[in-house]
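Chemist: Attaching a single structure in structure tokens format; questions to follow.
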Amino acid sequence: MPRKRKTALPSGAKPHPRITWRDQGGQLRAYAYLKDLGGGREALKAPGDTHASTDPVIAEALLNQRISELMEQRRAKVLLRLDPDADLAAFSIHHLEEKEEAYRERAEEEDAEVSTWAEQWLATSETYLTRAVAFFTVHQFAINGAELPDPKPRNLASIGVTDVQAYLKWLKIQPNGRGGYLGRSSRRLHLTVLSNMIDRAISEGKLPLGSNPVTALIDKPTSPRSRTIWLEVDELALLLESARTLREFGPTYGGRPLECAYELLATFILTGAREDEIRRLRTRHVRFRDQTIHIPGTKTQTSDRIIPMHPQLREILQAYVERLGRGRDDLLFTNAAGDPFGDWRKTLDTIAVRAGFKQGKIRTRVFRTSYITHRLACIDQGAFIEPYKVAREVGHKSMNTTLWIYGRVQLRRVRMEELAFRVTAIGPDLEDRLHVLYSPPTPGERAGAKDSAELVARFLSATQEMSTGEMVAVTGLSKATIKRLRAGGFAVLQAKTSNRLRAFLEPETVPQPPHLMAPRRTGPRRAASRRG
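In UniProt numbering, the protein residues as written are 1 to 532.
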């Protein structure tokens, strides 16, 4: 209790043990002492007022209201174990900020930038938590057929198992943006993100131990078993040979392949690393003396690892690094502009189509699955290789992930002491596809490449003083296409791109339909036009 102090009172006011009156500008204003109830010395002011009240009746009413609020907070914290600072919406923002800071600190320790995967996962987590906050503060209180109510504050401790079950049922009817509804994997990730935030609240003392309702949920959606295809030893060897001969014998159509396509593909196939991990590789990470490769961490703590450099990969990368002559801190794989390689699916399609695969069938995840499958069948020092060793090589924390999600059964059992996918492994079944790789470009393909080079040179000469935005406006080409034209990223132009360039250079002799020469529209207007 506060000490009783003699203070001046306004007319009609009675002494109160918790109210003191202060003279401010010739007026007595009411202040309350509430420190013993969890508050402090607070001005008793009505909502909307900037100064404490001068009316004794109003001051006493405000005091009683404030005491009720503090007592309710104390009751909630002591009896119901509710922390007033554990508001769902506010804590979700705090959680994302802490995760971002953790990713940044980890990158600084490794003297690197925050990985693309980390940035994407932060954005995904924000989307999922926004959806969770919307359900627990709005949709859970909605009445069928009625308008959605205003958001209600929600304490984390008030979310129980039944609330999470209702949230899971609500997720089943949420659109996925592709004309369907959220699948099992997506719903599982929503629960994972929510559980991770609640675990942080527990670790910070906002919630008691063992109070995570997501963990207590028995029936959670399970991710479907991976259906990613995998390739046999001879098929991987055929792809590598297709990439190796691409520069010399490859057909000149579509976009110009990456100069490092062969070495990049070999690194994917012979390491099983993730795409973002290989994108971040620098020259210093490749250690020829130790015959190892350091994979910088991206996704999890176990993703930072040192893996063996198989002899075939050592042969390919050593010649590549010596030819480049780059410094230790330079990126290992770059595009023509010297930047980290981006979307290289067109290059991958070019390699795959030459080897007889369907366009779009081969993607980088195929190589990770194939690597794990064949690595599990290897012989290590006279015995079958330990699955735990393979799990460590590919950065899996759990061996079950390696065995049950990525591991496959070889159709043709091949036990190798040295993991390699050489041309000698290609059997009679694929010999016809192998011979195609050594066929030179046809005269028509060579002529097409020459015409495209001349057309691009004329276009760049005519637009050398124009900005990228101006070129987009007058040609209708995308920014990405113009950047590739400037960087020499096309071997042979596609028909649509060629038509736009000719129409710009020769508008009178090459008339074009209006829809071809319409300026390219982006943003909301373009999206609206598509919907219309």
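Note that beta-carbon positions come from the ideal geometry of N, C-alpha and C, so glycine has one too.
In the DSSP assignment, find the unbroken alpha helix (DSSP H) run with His95 in it and report its ends.
Modeler: From DSSP, the alpha helix (DSSP H) with His95 extends over 88 to 109.
Chemist: If you reduce the DSSP assignment to three classes, tell me which class Tyr33 lands in.
Modeler: Looking at Tyr33 - three-state DSSP - the assignment turns out to be strand.
Chemist: Quick one: residues in its chain with C-beta nearer than 7 Å to the C-beta of Gln27, no 5 flanking neighbours on either side, listed in chain order?
Modeler: Only Thr54 meet the Cβ criterion.
Chemist: Span of the alpha helix (DSSP H) holding Asp219?
Modeler: Element bounds for Asp219: n/a, residue is neither H nor E.
Chemist: To the nearest angstrom, how far is the alpha carbon of Thr463 from that of Leu501?
Modeler: In a straight line, the C-alpha of Thr463 is about 11 Å away from that of Leu501.
Chemist: According to DSSP, what are the bridge partners of Val353?
Modeler: None; Val353 has no bridge partner.
Chemist: Taking the continuous beta strand (DSSP E) assigned at Gln24, which residues delimit it?
Modeler: Gln24 -> beta strand (DSSP E) spans 19 to 24.
Chemist: Going by other Cβ atoms of all chains shown within 10 Å of its Cβ, with 16 needed for buried, is Ser185 buried or exposed?
Modeler: When all chains shown are included, Ser185 counts as exposed.
Chemist: When the Cα atoms are used, what is the spatial distance from Gly297 to Arg106?
Modeler: Going by the C-alpha atoms only, they are around 9 Å apart.
Chemist: With a threshold of 6 Å on Cβ separation, who are the neighbours of Ala43 within its own chain once the five nearest residues in sequence on each side are excluded?
Modeler: Tyr31, Ala52.
Chemist: Could you check the C-alpha separation between Asp290 and Gly356 for me, to the nearest Å?
Modeler: About 37 Å.
Chemist: Could you tell me the alpha carbon to alpha carbon distance between Arg279 and Ser203, rounded to whole angstroms?
Modeler: Cα to Cα, the separation comes out at about 34 Å.
Chemist: Across which residues does DSSP place Arg181 in a beta bridge pair?
Modeler: Per the sequence shown, the amino acid found at residue 181 is Tyr instead of Arg. DSSP, once it has assigned bridges, lists Pro175 as partnering Tyr181.
Chemist: With DSSP run on the structure shown, which of helix, strand or coil describes Asn64?
Modeler: Three-state DSSP puts Asn64 in a helix.
Chemist: With a Cβ-Cβ cutoff of 8 Å, do Leu265 and Ala243 count as a contact?
Modeler: Yes, the Cβ-Cβ distance between Leu265 and Ala243 is below 8 Å.
Chemist: Three or more beta-carbon pairs under 8 Å between the segment 381 to 391 and the segment 207 to 214, yes or no?
Modeler: Judged by Cβ distances under 8 Å, the segment 381 to 391 makes no contact with the segment 207 to 214, as fewer than three pairs qualify.
Chemist: Report the option in Asp304, Thr364, Phe268, Ala319 whose CA atom is closest to the CA atom of Phe288.
Modeler: Looking at the Cα atoms, Ala319 is the closest of the given residues.
Chemist: What residues in its chain sit with their C-beta under 7 Å from that of Asp451, if we drop five residues either side in the sequence?
Modeler: Within the same chain, Asp451 has no close Cβ partners at all.
Chemist: Taking Cβ positions, are Trp170 and Arg408 nearer each other than 8 Å?
Modeler: Against a cut-off of 8 Å, the Cβ pair of Arg408 and Trp170 comes out as no contact.
Chemist: Is the Cβ of Glu126 closer than 8 Å to any Cβ of chain D?
Modeler: The structure shown contains no chain D; it holds only a single protein chain.
Chemist: Runs of 4 residues minimum, wholly inside the segment 252 to 282: which ones carry the alpha helix (DSSP H) assignment?
Modeler: Fully enclosed alpha helix (DSSP H) runs of 4 or longer: 261 to 271, 275 to 279.
Chemist: Excluding sequence positions up to five away, which residues of its chain have a Cβ less than 7 Å from the Cβ of Leu236?
Modeler: Answer for Leu236: Ile269, Ser370, Phe421, listed in chain order.
Chemist: Relative to the C-alpha of Lys220, which residue among Leu207, Tyr181, Ala166 is closest?
Modeler: Looking at the Cα atoms, Ala166 is the closest of the given residues.
Chemist: Does the distance from the CB of Arg154 to the CB of Leu70 come in under 8 Å?
Modeler: Their beta carbons are not under 8 Å apart, which means Arg154 does not touch Leu70 by this criterion.
Chemist: Determine the burial state of Pro257: buried for a count of at least 16 other Cβ atoms within 10 Å of its Cβ, exposed for fewer.
Modeler: Buried is the call here.
Chemist: Roughly how many angstroms lie between the CA atoms of Leu156 and Ala123, to the nearest whole one?
Modeler: Taking the straight line from one Cα to the other gives about 22 Å.
Chemist: Using CA atoms only, rank isn't needed, just tell me which of His16, Leu63, Ala46, Val57 is closest to Leu37.
Modeler: Considering only alpha carbons, the answer is Leu63.
Chemist: Am I right that Ala377 and Arg415 are in contact with their C-beta atoms under 8 Å? What's the rounded C-beta distance?
Modeler: Sure, about 6 Å apart at Cβ, within 8 Å.
Chemist: What are the start and end residues of the alpha helix (DSSP H) that includes Glu204?
Modeler: That residue, Glu204, is in no alpha helix (DSSP H); it is neither H nor E in DSSP.
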